[in-house]
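In the working numbering, the protein residues as written are 1 to 105.
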């Protein structure tokens, strides 16, 4: 029995069990999901990560145990300072050009 025949068989069983209460499109989707769960080959999950928790899941005391160096390294260039303007901002560049201070760029 191939996949489409299995889906049709499961659909017929669901249709007779629900007596027309559930829309046919929904039943067909449910039949497809059931056949997929029971008859399709499972795709093996793969991860290059080896052991331990990722840094986002660490507790605060563990993350700060090295003197907060790992935290500072991770978030130092995040750009959260509102006072800092991006270097390549066209508005800032134009303002410098208007002032005639092109050598400072």
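The beta carbon of each residue, even a glycine, is placed where N, CA and C say it ideally should be.
Straight-line gap, residue i to residue j (C-alpha atoms, nearest Å)
i: residue 68; j: residue 91; result: 36 Å
i: residue 44; j: residue 10; result: 26 Å
i: residue 53; j: residue 33; result: 33 Å
i: residue 62; j: residue 51; result: 16 Å
i: residue 1; j: residue 12; result: 15 Å
i: residue 59; j: residue 17; result: 51 Å
Residues near residue i in its chain [Cβ-Cβ closer than 7 Å; skip 5 each side]
i: residue 115; result: Because residue 115 is not part of the residues shown, which for the chain are 1 to 105, the question remains open.
i: residue 35; result: 3, 6, 7 and 10
Sequence-distant residues of the same chain with beta carbon closer than 6 Å to residue i, five excluded per side
i: residue 111; result: The requested residue 111 is not part of the displayed model; the chain covers only 1 to 105.
8 Å CB neighbourhood of residue i in its chain, flanking five on each side removed
i: residue 66; result: none
Meets three-Cβ-pair contact criterion under 8 Å: the region 34-41 and the region 1-9: Taking 8 Å as the limit for Cβ pairs, the verdict is that the region 1-9 does touch the region 34-41.
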